[in-house]
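Protein chains in written order, with this note's numbering: chain D, 1 to 289; chain W, 1001 to 1168; chain C, 2001 to 2784.
Okay, here's the thing in C-alpha cells:
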C-alpha cells in the first residue's frame, strides 16, 4: 500500500528537531533509516501527521574514540559500523553482530540510533548494547541526559525516551583486548529477525572468568542481561560443566514469548542451546584482534 | 507546503528537477515521475529487495525510501548500468549464465550484486549466497545467479588489474 | 539470407529476452501508461464469512481525486458472475469417471455475502493509486458476521455454516477412480498400514503481483485488456460473455509477466471488472495488485489431507493402495476438479501394482480460493506415495531405496498401461522412460547407497544425524486440448511465428525460435516470435500444466509441414524442377546436390503474393502463411528422482542440506540451459513448500500472512546447490519428442525432505507425515 499523506520536515540541526517535536508532539514521528517506519507506513499501520526526517543533520553521524569509549552518532548507518576500522578494532562484538542485522541494502540506510529507539525485541543492536554495557545520549527540551543500557528499554518496542526526546548518540566502552566474545542467532532464514539470539563477552584471566556479560534477543519482549547465567560463570574456570550450568541458568532466567514462529518452550530450549554454543565459541576465541 | 517537496537529483548521470507529494515513495518517483520503469516493486514492505537501486553508490530499497530523501543524491537504476550500449560486467555475466528468467527481480539483483562486489571483490559461494539473500527470486532457484556473480567477480578482478573498469 | 542448417535444437543458446530485461526495458503490466488513465483500488473484506448489509461509498466519492466508485450490490445489477468451468472436462472423461460437481460462480464484487478475508466488495477509481487508497479507507462496509468454516472436515458436518447456501452443502466435488479390487487385496495382504498425510496450504507467490489495464476504444467499440496472465485467450472468451461483445471486438494481451507458476493461469474477477469499468467511465483503467492484496486474493494451492491404507508383501512390494482425500478449496473453485483429479491419477506414481482406489472430496471453506500452482496436485500425490514407500521400508527393516527398486516399473515393461484415465479422458499410458535408472543415477550421484549408509552409521555413533531422502515421481505433461501456431514467411525472408502460448520467464521467445530455426533452416535471429496476444492468433489455449513446449512445437510442426509443401511447389515452379528435388538450406530453397542453385525465402514470399506477376503454379493459393493446431493424443510422461543428503542439528531442529540431486527426463531438450533453470526454480519452490512457506489461518478464518515477513520465500542461503543429471527418452507422442518440464521439480522436494528427516532420526522411529517441516517440530521429536 501507499502511505497516507503527512507534513514533511527535514531539519538540519538538533535544535530544529526539538522545536518541531515541541510544536507537533505526539502527531510527529522521527524518521531515521526508515527501514522500520516506512514499512509500517506502507501498511498504513502507522499514519503520522508529521514526519521529521533526521537524515539532513550531519552532526548526528560520526564514529570516534573518546577517553576509552567509542562514541557513535545516532544517525550513523549500520553499514558504516560494518566497515569501520574503529568498530572492528575496539568493538569486535558489534562488528560481528552487525552483519546479522538485516541485509547490506538495509544497512545502507538503517541507523544505530533508529534500531535502539525502536527497541524491537528481536533486534541485535540492543542486545549488544546490553552485553557491552553501553549507554545512550538523549536530547530533550531541557537539555541532555544519558541512559545506561539497563534502563533504556522498558518493554517490547518501548524505550524510556519521552515523546519530546531524541536519541543522539551511543557510547560503548572499548572492549578490552582480553575480552572473548561470540554471538549466535537462530532464525528461519538468513537476515530474518532472530527467533532467538545470544551474545556473550567474557574476560578470562589466569584461567578464570573475571567478568561475564550475556544477553539475548528474540527470546523475550526485550533484550536484557542474563545475570544468573553470568553469575554461574564469574569466578570460575570456564569448562564444559560450567558452560552447561550457565546455559541452564540462562534458560531458566528468560521469560520467553510465544508466537507463530516459536513456542515459549522452544525459545527456552533455544536459549539453552545457543548460550552453550556461544560460551563454547567465546572461550575458544582468542580475544579481539 | 509541507505536503509536497521539490527534489533535485541526478539519475543515471542526468540531472532532474522534480516536484511531488512528500509521501511519494522513491520507487514510484522513479517509475511515475521520471518514467524509469526499470525499477520494479515487489512488496512495498522493504522485504523482497526487488526495488533495490544504487543511491550514492550504495544499494538501497527504494520502496522504503521517500523520494524527498533523494534530494541531492546520485542515483543509479538498471537503466543506467550499461555504458554506451555495453553491458556492465555483471549484466553480461547474468546474460551468459542464464541468471534471469522472468526478469522481475533482476533490477534489484543487479544493484545488490554491484554494491556487494564493491565491498567484497573475491567472495566465496557462501558469501555470495548471503549477499543475494537480500533479494527474493521465484524463478531461478538462485543457482545460476550465484554462478553469474562468481563469474563477474572474477572478470572484474581481472579488468581492475588492467585499469579497465569504470565506476558505477 | 541465414547461414544456418539446423542444429539449434539441443543447444544452450543465450536468450533473446535478456537484453530488454537486463537494461530495464522490459514492459510489465505496471509499466504500462495510457493517457487519462485512472487507477483502481479495491475495498476487501476483513471478515472471513458474513452477510453484506450495506456498503457506504459516500465519503470515498467525496475524497480528492476520486472519479468513480461502485460496490458489489450495485454491480450485481450490471454484470453477471465469472463464468464457471473455465477449464472444461471432455466428454471422454465425464463418461468414464464417477463424479459429482457443483460450480459456484463468483460475482465480480461480493454482493450478498463475503466468503473469505480479502474478497473484493467495492472498487474505487481515482487519479492515482495513492488517492484511490485514501478513498478506499473511507468506505464503510457493514457485514453481519457468520461462523467461519476453516476445517474442511468440520465443513461437512450437518450443523456447519454453509458458504454457498443454494447448495445446502460445502461439498462441491466428489469423484472416485479405481482399478483392480482394493478391498480384497488389502484384506489378503501380508502387511497392512494406515496413515494420514497432510500437504499444507501454500502458494505460487511470483515476484510480480497481478495487474490489469483496460481501455475502451469508442471509435471501434472495442476493448483492449492487458493482464499479467497466462491464458489470454481464456480472458478474451470470458470478457466476451461478461461485456457482451464479440471476441472479435476484444483484444487481450500479456506483456512481460514476472512469474506465473499457475496462479495467473485462469481468469480472475478483476480481469473482467477492470475492462467493464474502463468502458463505463470512458477512460483507461489500471489496477496493480500490491503484495498485501496478493496474499489475500491471488489463489493459494495444495491444502490436501489424505487418508491412505496400503497393503504390501514381505519383500516390500506394494499390493494395494486406497486413498480418501479431501481438498480444502477455499471459497470458490475456478479450476474445478483440475487439481484434485491430477492428484488422484498421479498417486500410483512410477510403481507397478494392480489394486488402487481413490476418492476425492472437494470442500469449500472461508479461505482464498485454491487454484493450480506448479505441480497442481502432483506434489500432494507424490507426498503420499513416497512416504508410503519409506513406511514400507521402515516396517520391514529394508532400505527405502531397495523398496523403491522392487516396485518401480522396469524399462522392459514400458510403455505401461496404468488402467485409469487422465483428465483428458484417455487411458493413461506411461509412454517412455527408465524409472529404475533414474533412481540408480540419483544414488550414484549422492556417492552410492552403501557408502552413505556407512557414513550414516559412523556419524550416528558420534551423535550426528545424517539422513537420505528420496522422491520418485512421474508427471503427465503436454496436456491438450490443443495449441495453435501461425507460421508465415515474411517478405524479408524471416520467419514469423505467432502462437497461443503465454510466457512468464521460461524463455519461449528463444526456444520457439530454435525450433522454427531448425524446421526452416534459418538462424534463430531470423525468427520473429509473437505470443500472448489474441490479435496475433485468433484461437489459442495458453500456458499452464507444463504444456507449451509440447503443444506449440507440435503446432509449429503441423503449420510448417503444410507451408513447406507450398514453398516447394512455388520454388519448383520457378526453378522448373520437381518439388522432391528441393531442400531447405540457409534460409533458402535449393536443389539437392547443386550448391548455389537456390532461391531465398524472401523470393518465395514475393512469388506467393496474390495479384499480378505472381509465380504460383496452378492450384496453389496466394500467401505464405499457415495456421495449424496440435491436438495431442494424450499427455506424455516426464519423470524424475530427487535425492537429498541432510544433517539434522538435533538441538536446534534445523536441517542442513549437504547434497541435493535431481535426475530428470523431459525427453528431447530444446535448450539445456533453460531446462536446468526450470529445474532449479521448481526445486527451490518445492523446498520452500517443504520447510518455510505457509498460508496460515486462524480459527476465525483470519489470514495470518500479510507480508514476506510472515510468508517465508526461500532466499539464496536457503536453497542448496543442486546437481542435475538428465535422461533423454524421447516422447513418441509429438513430432519433436519433447516432454514438459515447467512444473516437475516442484513435485518431489517436500516428500524428499520429510523422508530425509525421518531417515536421519530413524533410530527414534519418528514420522513426519505432514508439511511444512519446521525446526521446532524436529526439536520436539528429538526431545520426546
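Using N, Cα and C, we set each Cβ at its ideal position, and we do this for glycine too. The structure displayed is predicted, hence computed values, not measured ones.
- With 16 or more other Cβ atoms inside 10 Å of its own Cβ, residue 268/D counts as buried.
- The beta carbon of residue 2591/C sits closer than 6 Å to those of 2581 and 2597, all from its chain and outside the five residues before and after it, given in chain order.
- The alpha carbon of residue 2041/C has as its nearest neighbour, out of 2685/C, 2711/C and 2290/C, the alpha carbon of 2290/C.
- In this structure, residue 275/D lies near residue 214/D, with their beta-carbon atoms less than 8 Å apart.
- The straight-line gap separating the alpha-carbon atoms of residue 2202/C and residue 2546/C is approximately 20 Å.
- Rounded to the nearest angstrom, the gap between the Cα atoms of residue 2410/C and residue 284/D is 55 Å.
- In the DSSP assignment, residue 186/D forms a beta bridge with 196/D.
- With the criterion set as a beta carbon lying under 7 Å from some beta carbon of chain D, the stretch 2008-2042 of chain C has no members that meet it.
- In terms of Cβ geometry, residue 2266/C and residue 2371/C form a close pair [threshold 8 Å].
- Counting C-beta pairs with one atom in each stretch, the stretch 2731-2743 of chain C and the stretch 2695-2711 of chain C have fewer than three that are closer than 8 Å, which means they do not touch.
- If you look at residue 2776/C, you'll find it in the alpha helix (DSSP H) that goes 2775-2783.
- Bounds of the beta strand (DSSP E) holding residue 213/D are 208-217.
- By DSSP's assignment, residue 2373/C forms no beta bridge with any residue.
- Take residue 2459/C, set aside five residues on each side of it, and the residues of its chain with a beta-carbon closer than 6 Å to its own are 2466, in chain order.
- The C-beta distance from residue 249/D to residue 229/D rounds to 4 Å, short enough to fall under 8 Å.
- With contacts defined by Cβ atoms closer than 8 Å, residue 2715/C and residue 1144/W do not form a contacting pair.
- Checking the DSSP bridge columns, you'll see residue 1015/W partnered with 1010/W.
- The continuous stretches of beta strand (DSSP E) do not include residue 82/D, which lies in the alpha helix (DSSP H) extending over residues 78-83.
- Using a Cβ-Cβ distance cut-off of 8 Å, the stretch 2152-2167 of chain C and the stretch 2063-2083 of chain C are not in contact, since fewer than three pairs of beta carbons, one from each stretch, lie closer than that value.
- Residue range 2301-2312 is occupied by the beta strand (DSSP E) that includes residue 2306/C.
- The Cβ-Cβ distance between residue 2049/C and residue 2147/C falls below 8 Å.
- Looking at the DSSP output, residue 2487/C shares a beta bridge with 2497/C and 2626/C.
- At least 8 Å separates the CB of residue 1104/W from every CB of chain D.
- Residue burial annotation: residue 2194/C is exposed, with fewer than 16 other C-beta atoms found within 10 angstroms of its C-beta.
- Burial is judged here by how many other beta carbons sit within 10 angstroms of a residue's own beta carbon; residue 2113/C has at least 16 and is buried.
- Listed in chain order, the positions of the stretch 1054-1070 of chain W with a beta carbon within less than 8 Å of a beta carbon of chain D are 1055, 1058, 1059, 1060, 1061, 1063, 1064, 1065, 1066, 1068 and 1069.
- The distance from the Cβ of residue 2044/C to that of residue 2222/C is about 31 Å, inconsistent with a contact at the 8 Å cut-off.
- Residue 2423/C sits in coil when the DSSP states are folded into three classes, being neither helix nor strand.
- A Cβ-Cβ distance of about 7 Å is found for the pair residue 178/D and residue 204/D, placing them in contact under the 8 Å criterion.
- Within chain C, the residues 2776 have their CB atoms less than 8 Å from the CB of residue 263/D, given in chain order.
- Remark: C-beta atoms of residue 2231/C and residue 2141/C do not approach each other more closely than 8 Å.
- Measuring C-alpha to C-alpha distances from residue 232/D to each of 97/D, 116/D, 202/D and 92/D identifies 202/D as the nearest.
- Distance from the Cα of residue 71/D is smallest, within the candidate group 157/D, 137/D and 194/D, for 137/D.
- Under the DSSP definition of a beta bridge, residue 1020/W partners with 1005/W.
- When secondary structure is reduced to three states using DSSP, residue 2711/C falls in the coil class, being assigned neither helix nor strand.
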